Amino acid sequence: MDDILRIEDVSFRYDDEDVLQHIHFRVPKGAFVGLVGPNGSGKSTLLKCILRLLKPQTGRIFLFGTPIEQFKDWHKIGFVSQKANSFNTGFPATVYEVVASGLAGKLGLFRRLKKSDEKAVYEAIDAVGMSPFIHRNIGELSGGQQQRVFIARAIVSQPEFLILDEPTVGVDVHHVQSFYDMLERLNKQHHMTLLLVTHDIGTITEKVTHVACLNKHLHFHGSVQQFAQLKTEDLASFYGHHLHLLAHDHA
1 MDDILRIEDV SFRYDDEDVL QHIHFRVPKG AFVGLVGPNG SGKSTLLKCI LRLLKPQTGR
61 IFLFGTPIEQ FKDWHKIGFV SQKANSFNTG FPATVYEVVA SGLAGKLGLF RRLKKSDEKA
121 VYEAIDAVGM SPFIHRNIGE LSGGQQQRVF IARAIVSQPE FLILDEPTVG VDVHHVQSFY
181 DMLERLNKQH HMTLLLVTHD IGTITEKVTH VACLNKHLHF HGSVQQFAQL KTEDLASFYG
241 HHLHLLAHDH A
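Heads up: the sequence shown runs through residues 1 to 251, numbered per the UniProt record's numbering.
Okay, here's the thing in structure tokens:
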């Protein structure tokens with residue numbers, strides 16, 4: 001199986017603080033990888049290295065088999081951050097307009113959408129279950145609905161690899177399950193490779209195909225079946241505290 005992302009011996013430090021230490025990590029094509037770990041474990045720093053916002057002191061990163069320093073096809077990658085938690089609800093744009101703006105990098109800022117582009121916008125909105133709200137101002141939506149729109153914006157250009165940084169921050173707890181169901185559909189039905197940063201262990205075991213546990217070192221990286229066989233004390237040692245602080249009950 002081809003690797004969408006491959007990380008070899010990556011280390012990163014801020015001043016005198018080691019944040020990532022000798023990370024070896026891969027995301028196979030078609031996988032849904034859950035990246036978990038406590039606060040301050042280096043998850044956000046690793047994402048910034050993958051997106052080339054930070055440069056590691058040591059190691060190499062490959063995207064689609066290409067060294068990141070030479071990688072040019074950024075349209076193949078979509079990124080969703082914790083936007084809904086801090087979004088300006090007064091922003092004057094409809095769901096359609098926000099999602100269509102995701103094509104700016106492909107088309108340019110001032111080019112009109114072609115029929116095929118309009119079709120892509122409608123399909124992206126439908127894929128995240130937001131078609132009934134297509135003409136609604138995004139500021140009128142709930143946090144969970146806004147995050148769905150941001151995901152639609154990220155996938156409208158049809159990326160092959162979607163990276164999500166704790167996307168359920170600000171999402172009502174009663175809608176978290178349906179949110180993760182949507183991500184599972186993107187992976188299984190739309191054949192999109194996903195890397196999800198989350199604290200939600202319950203979701204990891206229910207939805208993803210692979211799990212990585214990061215706490216400066218990569219303590220575990222394997223299939224969800226292998227993850228399910230780990231002992232509670234092993235996970236507690238990875239995290240540095242009892243697992244019940246991270247577990248989530250969808251019921």
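All C-beta atoms, glycine included, are put in the ideal place defined by N, C-alpha and C. Remember, it's a predicted structure, so these values are computed and weren't measured experimentally.
How would you label residue i, buried or exposed, when you count the other beta carbons within 10 angstroms and need 16 or more for buried?
i           : result
A154        : buried
F91         : exposed
H210        : buried
D181        : exposed
A228        : exposed
residue 252 : Past the boundaries of the shown model lies residue 252; the chain is included only from 1 to 251, so the question cannot be answered.
residue 322 : Residue 322 lies beyond the stretch modelled for the chain, which goes from 1 to 251, so this question has no answer here.
Y96         : buried
Q225        : exposed
A251        : Summary for A251: the model assigns pLDDT 36, below 50, so the residue's position carries little reliability, and this model does not support an answer.
D165        : buried
T168        : buried
K231        : exposed
G222        : exposed
G102        : buried
Y43         : Residue identity check: residue 43 is Lys in the sequence provided, not Tyr. Buried is the call here.
S81         : buried
T45         : buried
Reducing DSSP to helix, strand and coil, say where residue i ends up.
i    : result
V128 : coil
G144 : helix
Q225 : helix
E17  : strand
H210 : strand
H24  : strand
T168 : coil
D181 : helix
L113 : coil
I155 : helix
S41  : coil
L63  : strand
F12  : strand
H248 : For H248, the pLDDT reaches just 41, beneath the cut-off of 50, and the residue's location in the model is therefore unreliable, leaving the point undetermined.
I50  : helix
I'd like to confirm the pairing. Which residues does DSSP put opposite residue i in its beta bridges?
i    : result
V98  : DSSP lists no partner for V98.
F32  : L194
I163 : F79 and L195
Give every residue of the same chain whose Cβ lies closer than 6 angstroms to the Cβ of residue i, excluding the five residues on either side of it in the sequence, and list them in chain order.
i    : result
R148 : V128 and M130
I7   : I23, F25 and I61
S41  : L214 and N215
T203 : Y180
Ignore the nearest five residues each way along the sequence and tell me which others in residue i's own chain have a CB closer than 7 angstroms to its CB.
i    : result
V27  : D3, I4, L5, V33, T193 and L195
K48  : L54
F133 : V95, L141 and Q145
C213 : V36, G37, H219, F220 and F238
R52  : I68
Tell me which residues share the same chain as residue i and place their Cβ nearer than 8 angstroms to its Cβ, disregarding the 5 neighbours each side in the sequence.
i   : result
S11 : D18, L20, Q21, H22, I23, P56, Q57, T58 and G59
V99 : V121, A124, I125, V149, A152, R153 and V156
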